[in-house]
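Student:
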Amino acid sequence: MLARMWTGAAVYFLLFSILGTDRYVVHRSAEDLGIFFQTIASAFSGFSNTIEGGSHFAVHFSPILYLLAPLVWLAHSALPLTIVQAAVNASIGPALYLIARRRVGERPAAAIGSLGFIYPPLCGLTFTDFHENGLAAGEVVWLLYALDARKFALASLCAIAALATKEDEAIFICITAAAALFFFRERNEMRGVAWSLAIIVCCLAVLAGYFLVVGPLAGGSGAWHPLVFYTHTAVAAHVSPLRAVTDRAGYLVLAFAPLAFLPFRSRLLLLALFPFAEVLLSRAPVTYTMGQHYAAVWIPYVMVAFVLGACSLTRDRPNTARTALVVAYGLAALTFIVANPLHPRYFLRLPQPRDAQLDAFIARLPATAEIGTQEEAYTHMGFFPHATLGMETYPRFALFDWSYPDSNWLIRDGPKIKAAAKRGKYRLVRSEANITLYERNGAKPANTPTVSPAW
606 MLARMWTGAA
616 VYFLLFSILG
626 TDRYVVHRSA
636 EDLGIFFQTI
646 ASAFSGFSNT
656 IEGGSHFAVH
666 FSPILYLLAP
676 LVWLAHSALP
686 LTIVQAAVNA
696 SIGPALYLIA
706 RRRVGERPAA
716 AIGSLGFIYP
726 PLCGLTFTDF
736 HENGLAAGEV
746 VWLLYALDAR
756 KFALASLCAI
766 AALATKEDEA
776 IFICITAAAA
786 LFFFRERNEM
796 RGVAWSLAII
806 VCCLAVLAGY
816 FLVVGPLAGG
826 SGAWHPLVFY
836 THTAVAAHVS
846 PLRAVTDRAG
856 YLVLAFAPLA
866 FLPFRSRLLL
876 LALFPFAEVL
886 LSRAPVTYTM
896 GQHYAAVWIP
906 YVMVAFVLGA
916 CSLTRDRPNT
926 ARTALVVAYG
936 LAALTFIVAN
946 PLHPRYFLRL
956 PQPRDAQLDA
966 FIARLPATAE
976 IGTQEEAYTH
986 MGFFPHATLG
996 METYPRFALF
1006 DWSYPDSNWL
1016 IRDGPKIKAA
1026 AKRGKYRLVR
1036 SEANITLYER
1046 NGAKPANTPT
1056 VSPAW
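Note that my numbering has the sequence shown beginning at 606, numbered continuously upward.
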C-alpha cells in the first residue's frame, strides 16, 4: 500500500508541476516568485533582491534556499522552485499514511492519508508562487511522523530543515519540541527527552542568532519586518469589525470542513494554535486568504491532527469513521467548486504568442541594466540583479507589456510612464508588438526612494 501512496504522490507532483509550469509560462506569477528567483540567483553574490532592498537575511532567516541555487542556475529559470515546492508537498500524503498505519489497518490508513492529496489548503499552498513557507509544511509533517515512529535521526533532519526555512519555524518547532518533551517524559522515553531538549536549545539558538547577529549583519534595522502585518494599516482601517470576524471565521471553515472537523478529536491540534494566531491576528487579509503561502504554518499540525482523529474514530466506531471520511472527501471536492484556492480561471490558460514575445524581449536586454517593470516581466528576470517592480525608484529603463491589461503593476504605473514620457523624463527606445522600453533622460530626481513600493 505504501507503494500506491508514493504513486499517488508522483501523480500529485506531476499535476502540480504541470500547473505551476503553465502559470509561469503564461506570466501569471506574482512578485513573491520574482523575489525568490532574484534572491536565489544571487545566492553567492549578495543573496538579495530589489524588492526587499538588500539581503534576504535582513527580512527572513532562510539558508535552506542556498540548496536550490544550483537548480536555478542550471535551468536559468525559476521553474525549479515551482517543481521543488510541488515535490515537497507531494510527499505529505505518504507521511500521513505512515502515521495512520501505526494505528489502523492499511486500507483505512490509505483512505485517511490520501485525503492529503486533495486537501484544498494544501493544494493552494502547492500551487501558489514559490515561497520558503512552501517547504515548511512537508518538513513538519515528516518531523511529526519521525517523532511518532521514534526515528530521531529523521526527526533531527526535518527539524534542522524547518529551522533553516524561516525564523518563525523556530518558534513553532520549539513549542513542538516542548510538547514532545512532556510526551516522552511521561513515558520515561529518555531518548525522546534528550532529543526534545536538544531541539529546544537549537530553536533558541536560531532565534537569538538570527535576531542578534545574522539580521543586523545583513542590514536589518528596526523591528522585525513581518510585524507590519499586525499594525494599523490603511487596508485594515477600511475593514469593518463584522467583516474582520466573518472573514476569519470563513477561513477556519475552509481549513476544517474538508477534514470533516476530525482534527478536533486530537490534542495535537493544540500545536496549531500559535501558527493560527500568526495568520489570524494579522490585520492584512492576504494572510487569511486560502491559496496563499501563509497557510503553511498551520497545515501540518491540522493534517496530522486529522489523521490521529480519524484513526481514533476508526478504532472506536469504524462505520462512523467511514461515513466521516466520505463526508470529508465530499466537502474537499465541494470546496474546489465553490471556493477553489487555485483560482484556475485567472492563473491558468494555454500559452499565447504574447508570452513568448515577452520572454524573447527580456532575453535581449542587458542583464546589468536597472529596469522597472510589471510582475509579468519581473518574475522572469531573476538574473537581472537590478530589475524591480514599478517606477517609484526612477530606474534607468522602464519595461511595460500592454498585452497584459489586467496586470496590477501595469494598471498602477502604466499611466505614470506615459505621463513621464510626455514631460520628457523618459523616452521610448524600443517598441515591439505591445512591448515598450523607455529610458530615463538625465539623472534621478533628488530623494528618490531606493526600494520598490511593493515592499
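Glycine is no exception: its CB is placed at the ideal position from the N, C-alpha and C atoms.
Just the C-alpha distance for G1029 and N1046, rounded to the nearest angstrom, thanks.
Tutor: For the purposes of this step, residue 1029 is taken as residue 424 along the sequence shown, with counting starting at 1. For the purposes of this step, residue 1046 is taken as residue 441 along the sequence shown, with counting starting at 1. Answer to the nearest angstrom: the Cα atoms are 7 Å apart.
Student: Comparing alpha-carbon positions, which option in G651, L859, Y835 and A742 lies nearest L939?
Tutor: Looking up residue 939 in the sequence shown gives position 334. The candidate whose alpha carbon is nearest that of L939 is L859.
Student: Is D1006 helix, strand or coil when you go by DSSP?
Tutor: Within the sequence shown, the letter at position 401 stands for residue 1006. Residue state, collapsed to three classes: strand.
Student: For the candidate residues A783, A823 and N694, whose alpha-carbon lies nearest to that of S650?
Tutor: By 1-based counting over the sequence shown, the position of residue 650 is 45. Measuring from the Cα of S650, the nearest candidate turns out to be A823.
Student: For T978, which residues does DSSP report across the bridge?
Tutor: Residue mapping note: residue 978 aligns to position 373 of the sequence shown, counting from 1. Paired residue(s): L994.
Student: With 16 as the cutoff for other CB atoms within 10 Å, does H681 come out buried or exposed?
Tutor: Numbered from its first residue, the sequence shown carries residue 681 at position 76. Exposed.
Student: Which residue marks the beginning of the beta strand (DSSP E) containing S1036, and which one marks its end?
Tutor: Along the sequence shown, one-based indexing puts residue 1036 at 431. Y1031 to E1037 is the span of the beta strand (DSSP E), which, as asked, contains S1036.
Student: Considering Cα atoms alone, identify which of C807, Q897 and G814 is closest to H665.
Tutor: Along the sequence shown, one-based indexing puts residue 665 at 60. With distances taken between Cα atoms, H665 lies closest to G814.
Student: Is T733 helix, strand or coil by DSSP?
Tutor: Counting from one through the sequence shown, the residue named residue 733 turns up at place 128. Coil.
Student: Answer yes or no: do Y906 and A877 have a C-beta to C-beta separation smaller than 7 Å?
Tutor: Here residue 906 refers to the residue found at position 301 of the sequence shown. Here residue 877 refers to the residue found at position 272 of the sequence shown. A contact, by the Cβ cut-off of 7 Å.
Student: How long is the line joining the alpha carbons of F732 and V1034, rounded to whole angstroms?
Tutor: Here residue 732 is taken as the residue at index 127 of the sequence shown, counted from 1. Here residue 1034 is taken as the residue at index 429 of the sequence shown, counted from 1. Rounded to whole angstroms, F732 to V1034 spans 37 Å at the Cα level.
Student: Which of helix, strand or coil does DSSP assign to E794?
Tutor: For the purposes of this step, residue 794 is taken as residue 189 along the sequence shown, with counting starting at 1. In the structure shown, E794 sits in coil (DSSP, three-state: anything other than H, G, I, E or B).
Student: Is I656 helix, strand or coil by DSSP?
Tutor: Against the sequence shown, residue 656 aligns to sequence position 51. In the structure shown, I656 sits in coil (DSSP, three-state: anything other than H, G, I, E or B).
Student: Tell me which same chain residues have a C-beta within less than 8 Å of the C-beta of A929, skipping the five on either side of it?
Tutor: Counting from 1 along the sequence shown, the entry for residue 929 is found at position 324. Taken in chain order, the residues that qualify are A865, L867, A915 and L918.
Student: Looking at the structure shown, is Y999 part of a helix, part of a strand, or coil, going by DSSP?
Tutor: Within the sequence shown, the letter at position 394 stands for residue 999. Looking at Y999 - three-state DSSP - the assignment turns out to be coil, as it is neither helix nor strand.
Student: To the nearest angstrom, report how far apart M606 and E744 are at their CA atoms.
Tutor: Mapped onto the sequence shown, residue 606 falls at position 1. Mapped onto the sequence shown, residue 744 falls at position 139. Roughly 22 Å separates the two Cα atoms.
Student: Report the three-state DSSP secondary structure of R959 (helix, strand or coil).
Tutor: Here residue 959 refers to the residue found at position 354 when the sequence shown is read from its first residue. Of the three classes helix, strand and coil, the one that applies to R959 here is helix, per DSSP.
Student: Which partner residues of R1045 appear in the DSSP bridge assignment?
Tutor: Taking the sequence shown and counting its residues from 1, the one referred to as residue 1045 is at position 440. Answer by DSSP bridge pairing, in chain order: Y1031.
Student: How would you write the range of the alpha helix (DSSP H) that T919 sits in, first residue to last?
Tutor: In the sequence shown, the residue the question calls residue 919 occupies position 314. First-last of the alpha helix (DSSP H) with T919: I904 to D921.
Student: Could you tell me which residues DSSP pairs with I704 in its beta bridges?
Tutor: In the sequence shown, counting from the first residue as 1, residue 704 sits at position 99. Paired residues: none, contrary to the question.
Student: Measuring only the C-alpha atoms, how far is F1005 from T892?
Tutor: Counting from 1 along the sequence shown, the entry for residue 1005 is found at position 400. Counting from 1 along the sequence shown, the entry for residue 892 is found at position 287. Near 29 Å, if we compare the C-alpha coordinates of T892 and F1005.
Student: Which residues share a DSSP beta bridge with I1040?
Tutor: For the purposes of this step, residue 1040 is taken as the residue at position 435 of the sequence shown. I1040 pairs with D1006 and E1037.
Student: With DSSP collapsed to three states, give me the class of P699.
Tutor: Your numbering for residue 699 matches position 94 in the sequence shown. P699: helix per DSSP, three-state reduction.
Student: Which runs of the alpha helix (DSSP H) fall wholly inside the segment 716-787 and span at least 4 residues, in chain order?
Tutor: Runs of the alpha helix (DSSP H) inside the segment 716-787: 725-732, 738-753 and 757-768.
Student: Could you check which residue in I904, V931 and L812 has the C-alpha nearest to that of V884?
Tutor: Within the sequence shown, residue 884 is the residue found at index 279, counting from 1. Among I904, V931 and L812, the Cα nearest to that of V884 belongs to I904.
Student: With a threshold of 6 Å on Cβ separation, who are the neighbours of D627 within its own chain once the five nearest residues in sequence on each side are excluded?
Tutor: On the sequence shown, residue 627 is found 22 positions in, with the first residue counted as 1. Closer than 6 Å at Cβ, skipping near neighbours: L953.
Student: Which of helix, strand or coil does DSSP assign to G639?
Tutor: Taking the sequence shown and counting its residues from 1, the one referred to as residue 639 is at position 34. Three-state result, G639: helix.
Student: What's the gap between the Cα of P1010 and the Cα of I1016?
Tutor: Counted from its first residue, the sequence shown places residue 1010 at position 405. Counted from its first residue, the sequence shown places residue 1016 at position 411. Computed Cα separation, rounded: 7 Å.
Student: Rounded to whole angstroms, how far is the Cβ of G995 from the Cβ of D964, which I believe are closer than 8 Å?
Tutor: The residue you call residue 995 lines up with position 390 of the sequence shown. The residue you call residue 964 lines up with position 359 of the sequence shown. G995 to D964, Cβ: 21 Å. No contact.
Student: Is A839 helix, strand or coil by DSSP?
Tutor: Position 234 of the sequence shown, counted from the start, is the residue given in the question as residue 839. Summary for A839: the model assigns pLDDT 48, below 50, so the residue's position carries little reliability; its value from the coordinates is reported in the next sentence. A839 falls in the helix class under three-state DSSP.
Student: Taking the straight line between their C-alpha atoms, what separation do you get for P1020 and W1014?
Tutor: As a first step, residue 1020 is located in the sequence shown; it is residue number 415 there, counting from the start. As a first step, residue 1014 is located in the sequence shown; it is residue number 409 there, counting from the start. If you take the alpha carbons of P1020 and W1014, they lie about 10 Å apart.
Student: Could you name the residues of the same chain whose beta carbon sits closer than 6 Å to that of S871, not counting the 5 residues immediately before and after it, in chain order?
Tutor: By one-based count along the sequence shown, residue 871 stands at place 266. For S871, where only same-chain residues beyond five positions count, the Cβ hits under 6 Å are A910, L913 and G914.
Student: So, helix, strand or coil for R872, using DSSP?
Tutor: Along the sequence shown, one-based indexing puts residue 872 at 267. It is helical.
Student: Since F666 is in the alpha helix (DSSP H), which residue starts that stretch and which ends it?
Tutor: Position 61 of the sequence shown, counted from the start, is the residue given in the question as residue 666. Segment: none, F666 is in no alpha helix (DSSP H) and carries neither H nor E.
Student: If you compare alpha carbons, which of A614, D734, A608 and A714 is closest to P923?
Tutor: On the sequence shown, position 318 is the one that residue 923 refers to. Comparing Cα-Cα distances from P923 to each of A614, D734, A608 and A714, the minimum goes to A714.
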